[in-house]
Amino acid sequence: ERRDACDIIEQDSTLEIITTKDEDGLEIIRHSCAHLLGHAIKQLFPDVKMAIGPTIDNGFYYDVDLDRALTQEDLEQLEKRMLDLVKTNYDVVKKRVSWQEAYDTFKARNESYKMAILEENIARTDQPALYHHEEYIDMCRGPHVPNMRFCHHFKLQKIAGAYWRGDSKNKMLQRIYGTAWADKKQLADYLQRLEEAAKRDHRKIGKALDLYHMQEEAPGMVFWHNDGWTIFRELETFVRTKLKQYDYQEVKGPFMMDRVLWEKTGHWQNYGDLMFTTSSENREYAIKPM
Numbered sequence: 614e615r616r617d618a619c620d621i622i623e624q625d626s627t628l629e630i631i632t633t634k635d636e637d638g639l640e641i642i643r644h645s646c647a648h649l650l651g652h653a654i655k656q657l658f659p660d661v662k663m664a665i666g667p668t669i670d671n672g673f674y675y676d677v678d679l680d681r682a683l684t685q686e687d688l689e690q691l692e693k694r695m696l697d698l699v700k701t702n703y704d705v706v707k708k709r710v711s712w713q714e715a716y717d718t719f720k721a722r723n724e725s726y727k728m729a730i731l732e733e734n735i736a737r738t739d740q741p742a743l744y745h746h747e748e749y750i751d752m753c754r755g756p757h758v759p760n761m762r763f764c765h766h767f768k769l770q771k772i773a774g775a776y777w778r779g780d781s782k783n784k785m786l787q788r789i790y791g792t793a794w795a796d797k798k799q800l801a802d803y804l805q806r807l808e809e810a811a812k813r814d815h816r817k818i819g820k821a822l823d824l825y826h827m828q829e830e831a832p833g834m835v836f837w838h839n840d841g842w843t844i845f846r847e848l849e850t851f852v853r854t855k856l857k858q859y860d861y862q863e864v865k866g867p868f869m870m871d872r873v874l875w876e877k878t879g880h881w882q883n884y885g886d887l888m889f890t891t892s893s894e895n896r897e898y899a900i901k902p903m
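Residue numbers for the sequence shown follow the numbering used here, beginning at 614 and rising by one.
Given below as structure tokens:
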């Protein structure tokens with residue numbers, strides 16, 4: 614069980630210190646950076662409501678409810694404020710409180726999503742952990758860094774849409790993605806890998822090699838050129854040979870489906886801003902992204 618450095622050990626235990634060299638340590642850094650993002654956005658946009666901010670592969674995100682759409686300029690300002698905050702190397706203070714005290718704390722701050730989490734996911738007999746980042750308060754199982762000196766190496770990456778609780782019947786929130794690492798070199802290496810991957814992006818390669826093009830008359834659709842269509846057919850032949858070799862059956866699904874399906878598969882959360890959508894009879898559809 615992972616515990617905060619400030620927690621009291623009340624029974625005989627085997628203790629292992631987590632450091633920035635450990636995978637667990639890196640996850641703690643990323644989770645704390647999500648709280649740092651919360652700290653920064655509440656300073657820049659005091660009326661924002663905070664939803665959830667978990668870790669993900671290579672980073673973190675935070676879903677927020679704001680009355681206007683965030684822009685790339687906002688993202689840059691948020692990152693700058695985060696950098697300004699960590700320069701002070703402030704302590705992160707953890708406090709165990711009663712369910713009611715936690716609820717009253719977030720009610721006073723008009724944090725309706727935190728109140729909903731308490732009501733729906735946390736028993737009244739539990740003592741939630743509140744993490745204090747100076748004037749900013751967040752709720753989490755933890756653990757987190759004891760001091761923000763561990764969280765200097767991060768980068769905010771993009772903004773996307775996400776429904777509260779992943780349910781399309783709920784309000785659409787704004788999801789801010791970021792990456793965080795234990796040191797400057799790890800961050801630089803990761804950003805370099807992303808840059809190299811972007812150079813291999815099929816959308817750039819396709820244009821550079823004259824494999825296909827796209828037109829406004831058919832958004833989300835591809836007009837194959839000779840070389841591109843030749844490659845496509847060769848790949849199809851290769852795949853079909855392998856399917857037959859290993860006794861697989863070939864099937865084909867619809868090209869456009871209700872976005873609810875893409876939410877279940879995770880495509881909407883990861884590629885929603887790149888997918889073509891259309892509406893009909895009060896339903897929203899999206900073209901297959903890959």
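Here a beta-carbon is modelled for each residue, glycine too, at the ideal position from N, C-alpha and C.
Does Q805 pass the burial test, meaning 16 or more other C-beta atoms within 10 Å, or should it be called exposed?
exposed
Nearest-angstrom Cα distance between W837 and I750?
53 Å
So for I641, helix, strand or coil by DSSP?
helix
Reduced DSSP category for G833 - H, G, I as helix; E, B as strand; rest coil:
coil
Assigned secondary structure, E894 (DSSP; H/G/I helix, E/B strand, else coil)
coil
Status (buried if at least 16 other CB within 10 Å, exposed otherwise) for D814
exposed
Every unbroken beta strand (DSSP E) within the region 652 to 708, with a cutoff of 3 residues, ordered by chain:
672 to 678
Range of the contiguous alpha helix (DSSP H) that encloses I775
First, the residue type needs correcting, since residue 775 is Ala and not Ile in the sequence shown. Not the alpha helix (DSSP H): A775 falls in the beta strand (DSSP E), residues F767 to Y776.
Which one of D660, Q685 and G841 has the shortest CA to CA distance from E724?
D660
Report the three-state DSSP secondary structure of L874 (helix, strand or coil).
helix
Which one or two residues does DSSP pair with D751 in a beta bridge?
Y744
Might you give, ordered along the chain, the residues of its own chain that have their beta carbon closer than 6 Å to the beta carbon of D780, omitting 5 neighbours on each side?
none
Determine the contact status of H652 and L688, defining contact as a CB-CB distance below 8 Å.
no
Let me check understanding here. Comparing Cα to Cα, which of N671, I642 and I665 lies closest to V677?
I665
Helix, strand or coil at L824 [DSSP, three-state]
coil
So if DSSP puts Y790 in a beta bridge, which residue, or which two residues, is it bridged to?
Y674 and K771
In the structure shown, what three-state DSSP assignment does N883 receive?
helix
Within 10 angstroms of the Cβ of R737, are there 16 or more other Cβ atoms? Answer buried if so, exposed if not.
exposed
For the alpha helix (DSSP H) that I730 lies in, which residues bound it at each end?
S725 to N734
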